[in-house]
Amino acid sequence: MKAPGKKSDFRVCLVWSLVLTGLFCLQGRLQAQDAQYGIEKRIPWTTSKVQGSPDPALPYETERAFPQLKFNQPLVVATAPGMKRFFVAERKGKIFSFDYQDQGTSETELFLDLKQHVPELNEIYGMAFHPRFEENGYVYICYVLKPGLPEGTRVSRFKVQDANRLHCDPESEEILIEWLSGGHNGGCLRFGPDGYLYISTGDGGPASPPDIHNAGQDVSNLLSCVLRIDVDQSSQDLPYAIPADNPFVKLPNVRPEIWAFGFRNPWKMCFNPKSGDLWVGDVGWELWELVYRVEKGGNYGWSIKEGRQPVKPGNQLGPTPILPPTIAHSHREARSITGGYFYGGTRLPDLKDTYIYGDYSTGKLWGLRYENQRVNWHQELANSTLKVTAFAIDDAGEVYIVDIEGGAFHRLAPIKESDHNPDFPTRLSQTGLFESTEKHQVAAGVIPYEINAPAWADYATSERFIALPPDTTIEVVQKRFWNFPKDTVLVKTISLETERGNPQTALRLETQLLHFNGARWQGYSYRWNEDQTDATLVPTEGDSIKLEITDADHPDGKLNYEWRVSSRAECAVCHTPYQNYLSVLSFEEAQLNRERKFGDIVDNQLRALAHIKVLPESVWNESKGTKAHYLVDPHNTAAALNLRARSYLHANCRHCHRNNGGGGSTIELDASFDLEAMKAVGVTPTQGKFEILGAEVIAPGDPFRSVLLYRMSKLGKGRMPYSGSSIVDVEGTRLIQEWIERLPTRPHELQFEISRQRNRQVNLLEDAIQIEDQDFSGQKLQEVLGTTSGGLMLLNALDRQPMSEDTQKQIVRLATQGENPLVRDLFERFLPEDQRVKRLGQNIDHRALLSLPGDSREGKRLFMEMAGLQCRNCHRVHQHGKELGPDLTQIGKKLSRQELLENIIEPSKKIDEKYFTCVVELRSGKVVSGLLVRRDDVGVVLKDAKNELVEIPVQDVETVVMQKKSLMPDQLLRDLTAEQAAHLLAYLESLK
């Protein structure tokens with residue numbers, strides 16, 4: 001018998017190791033099954049007083065209309081001239097009609113089964129009857145084939161049967177117009193008062209990443225537009241004609257069908273029956289839901305902007321300047337807007353002439369009135385549970401709401417009952433959550449829990465609890481989503497030491513409640529009193545607590561600190577109200593999957609919670625072994641570095657930076673995603689590069705090119721995390737920096753320039769540290785501080801590199817006294833409070849600023865000398881400055897102080913035509929912009945933002961477009977202090 005070789009030995013060992021591993025695993029599982037549970041029995045929570053809402057009720061609620069009717073995913077409703085019927089298109093291809101005069105009707109008539117005629121049909125998106133339908137019998141339908149087809153979205157004309165006008169002839173189809181199919185197809189059809197057919201189109205892309213085809217500003221195709229065509233005529237090879245007054249008919253390389261552009265997914269539009277204005281609801285991306293009153297030739301920004309928020313600012317602008325939204329809803333209250341109609345009925349007289357629209361995700365419904373070029377009334381009308389995908393309007397002007405999920409019609413009605421609870425507990429002791437608030441002892445049935453990775457909250461710590469109604473259990477849907485029972489309450493009490501490192505000085509600041517009312521999550525905060533005996537419900541707008549903190553590491557030894565108690569709306573920034581899996585952040589498997597002590601017993605927390613039926617047993621079963629999903633304490637150095645860093649990002653960033661989370665970029669920071677799925681590693685940032693050469697969100701192996709690290713390390717505008725913190729987490733930034741350093745490097749197209757810059761900075765820093773001559777080292781350090789990445793490198797050196805105290809002080813002094821705010825923001829935390837810059841930021845309080853006195857002499861100095869402001873480079877005052885923009889020598893005569901401020905903050909709002917930006921596209925594809933100096937047969941001459949002449953020969957010019965936009969940047973005052981802005985205004989006001 002042949003002796004076994006090495007391979008056989010290996011196999012024998014492997015088999016035995018697997019057997020032994022299996023025995024050990026079986027033994028461990030038997031021990032776990034036999035072990036005592038951390039919580040042996042669940043005590044019912046019977047003392048709850050957290051029911052309803054403390055906030056006043058909205059004026060309306062929704063009620064069922066046509067209660068005998070139900071459709072299968074209705075997406076479109078249209079009316080036909082001469083008929084008092086609604087025609088309802090179901091998503092998958094069937095169209096029915098019914099008599100809308102009879103609320104009790106149960107009868108529908110099948111108008112068309114388009115799926116039977118077009119088997120490849122995926123969805124119906126739009127339908128409109130010809131204004132002369134009674135004469136010609138024409139109906140227009142927009143439907144979509146599978147995504148990704150170049151001509152996968154189409155508008156076709158059909159004709160009703162001559163013998164029965166309630167039936168459509170499927171064989172009569174004539175395809176009129178087609179465009180790319182994708183996730184965003186638009187597809188709404190409306191005939192305007194001019195008799196032309198208006199068609200909405202989306203960007204043809206998925207929800208994320210944004211605008212994958214860069215269609216928003218590309219007017220060479222039909223995407224991201226509202227089209228306007230004449231269906232009563234034909235032209236050349238087209239079955240329709242182009243109206244002669246369409247805005248772009250004479251522009252080369254522009255589709256003449258376009259009426260307006262720059263939409264993401266324009267979902268439902270209508271015409272104001274009185275003014276004829278076109279109104280569109282445009283589904284936003286990560287931050288905003290938008291409503292537009294659409295103008296001829298209007299550019300609505302996508303995907304350069306989402307509303308006013310930059311998304312892809314580097315994309316080429318379309319032929320007209322970007323117009324602001326008429327209404328913008330943040331993702332705190334809306335997620336998928338649906339355009340509606342103007343109410344003209346008699347049943348609700350207070351809503352006469354009101355534009356009613358809603359949101360698919362939140363069920364909220366709003367109304368607005370528009371007169372004299374402005375919105376003069378806007379109000380939330382109702383808070384429904386409907387999935388609003390469409391509205392309908394009858395010939396009497398009554399507006400109906402269509403719910404795709406329930407398949408039914410609804411309408412607004414004055415509210416009869418609301419969840420307003422006038423007895424909602426105003427003190428924490430009244431909530432039924434605590435046996436004793438003074439001892440912070442919870443009531444029977446309220447269960448404490450612990451998490452693996454708490455978020456950074458400026459050194460604050462938290463105690464967490466959950467309370468479920470008796471005999472209820474959290475349900476798991478699709479093996480991922482946790483659905484909580486109605487009236488579940490999650491509780492978090494936040495405490496902060498007033499002397500860093502001394503737990504005896506901890507004060508309870510607030511207790512936050514997250515209450516599920518059966519439809520949505522509502523956040524409430526209770527502020528603790530000075531005696532620490534009870535806490536009081538804060539107002540809707542929130543509150544703040546001012547503290548003096550003793551901190552040996554702070555430059556002053558103490559700091560004046562303000563803790564923000566969140567408003568109801570701020571709670572919704574992180575805790576999205578309407579979806580459990582987005583609302584609840586810490587009570588999740590990855591955070592709860594840990595061993596913890598229950599008195600003298602140690603048990604896995606998920607096992608204990610499953611045993612008492614807070615969670616189903618399946619959660620515990622699926623959380624073991626290879627299926628385990630868990631986070632770790634980011635500061636536990638015994639854990640793997642990658643898991644620590646990913647846990648940190650998950651806890652601090654993931655609530656915004658995930659699909660539908662509301663973050664302004666496409667990155668995904670859930671710890672369960674691999675590096676590529678994060679869409680952050682090696683990815684160019686879309687929300688600002690901060691002048692970093694070769695900037696990436698996370699530059700693997702190079703933390704000093706990583707925008708994520710820069711945002712975490714700075715103070716001021718652009719700092720992350722966005723909410724809940726105003727102090728840099730030094731340990732957290734150190735962890736993320738170390739993690740980025742250890743990621744495998746990847747080549748970059750600017751690698752030569754990056755390496756040259758980095759080597760130069762390293763050598764300069766070494767010289768500055770080794771030779772302690774202040775003048776010599778100062779010159780070296782100044783050069784390093786000349787770039788943002790150099791500032792990050794010096795910040796790292798302060799933390800990790802040995803150097804003298806004098807050199808440390810010199811670095812801080814040079815960085816904070818320098819003119820580059822991008823670098824100064826990194827080092828501001830080393831300064832005493834009274835030396836820190838108190839900037840205006842983007843949200844400027846006009847009234848407060850205008851009330852401040854200013855020194856015109858100091859304002860003149862800022863105007864002439866301040867780097868970063870540089871007014872003198874564009875404007876002349878007397879003999880000083882340059883003449884790019886208007887001469888300001890007598891500006892104080894022309895404009896009031898308030899008008900001056902408005903013109904600085906929004907320079908393009910009111911602008912003389914001679915200062916319009918001229919955009920010249922060259923045949924090479926390059927774009928040049930500036931003020932138009934001359935245009936003739938020789939070429940175009942511009943004056944650019946540097947006040948230099950740019951001459952472009954006529955043979956190089958492709959297009960020339962004038963934009964109603966100033967070369968002066970918006971928010972020029974953002975990085976000034978209020979005092980500096982007041983000085984500047986005083987100087988401008990003095991110029992008379």
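Residue numbers (the UniProt record's numbering): 1 to 992. The beta-carbon is built from N, C-alpha and C at its ideal position, and this holds for glycine as well.
F516 carries a strand assignment under DSSP once its states are collapsed to helix, strand and coil. At a Cβ-Cβ threshold of 9 Å, L75 and V402 count as neighbours. Taking each of F424, L223, A467 and Y459 in turn and checking the Cα distance to A444, the smallest one comes out for A467. Counting along the chain, the unbroken beta strand (DSSP E) around M269 starts and ends at P266 to F271. The shortest CA-to-CA distance from F342 to any of I404, M269 and Q51 is the one to M269.
Runs of the beta strand (DSSP E) lying entirely within the segment 198-234 and spanning at least 3 residues, in chain order: 225-229. In terms of Cα proximity to K159, the closest of T201, K146, I175 and P147 is I175. By the Cβ neighbour-count rule, L110 is exposed, with fewer than 16 other Cβ atoms within 10 Å of its own. Distance between H554 and H184, taken at the CA atoms: about 52 Å. As the crow flies, the alpha-carbon of P425 is around 25 Å from that of E61. DSSP places Q116 in the uninterrupted alpha helix (DSSP H) bounded by L114 to H117. Collapsing the DSSP output to three states places V160 in a strand. Assigned with DSSP and collapsed to three states, W377 falls in strand. Under the rule that a run must span 4 or more residues, the alpha helix (DSSP H) segments found entirely inside the segment 832-915 read 846-850, 856-865, 891-894 and 897-905. Counting along the chain, the unbroken beta strand (DSSP E) around C168 starts and ends at C168 to W179. For Q441, the pairing in a beta bridge is given by DSSP as S436.
With a minimum length of 3 residues, the unbroken runs of beta strand (DSSP E) contained wholly in the segment 264-325 fall at 266-271, 278-282 and 288-294. For the segment 468-551, the full-length beta strand (DSSP E) segments reaching 3 residues or more read 475-477, 481-483, 489-497, 506-516, 521-528, 535-537 and 543-550 along the chain. With a threshold of 16 other beta carbon atoms within 10 Å, F481 falls short and is exposed.
In the structure shown, V697 falls within a coil segment according to DSSP collapsed to helix, strand and coil.
Selection P802, N759 and T807 evaluated against L781 yields T807 as nearest (Cα-Cα). The three-state secondary structure of W456, taken from DSSP, is coil.
One alpha carbon belongs to F87, the other to Q161, and they sit about 16 Å apart. In this structure the segment 592-602 touches the segment 447-464; the number of beta carbon pairs closer than 8 Å is three or more. The beta carbon of E405 sits closer than 7 Å to the beta carbons of K387 from its chain, once the five residues preceding and following it are set aside; these are given in chain order. In summary, W288 is buried, with 16 or more beta-carbon neighbours lying within 10 Å of its beta-carbon over all protein chains present. In this structure, DSSP gives D403 an extended state, which the three-state scheme calls strand. Here N265 is not near S220, since their CB atoms are 9 Å or more apart. Leaving aside the five residues that flank D277 on each side, the residues in its chain whose CB is nearer than 8 Å to its CB run, in chain order, F271, R293, V294 and Y370. With 16 or more other CB atoms across the displayed protein chains lying within 10 angstroms of its CB, H410 is buried. In this structure, the straight-line span from the alpha carbon of V728 to that of D633 is close to 18 Å. The beta carbons of V144 and E123 sit closer together than 9 Å.
Non-local C-beta neighbours of D944 in its own chain, meaning closer than 6 Å and more than five positions away in sequence, comprise G930 and V950, ordered along the chain. By the neighbour-count definition (other C-beta atoms within 10 Å, threshold 16), D211 is a buried residue. Your pair S789 and R705 checks out as a contact, with CB atoms roughly 6 Å apart and the cut at 8 Å. The bridge partners DSSP lists for A639 come to none.
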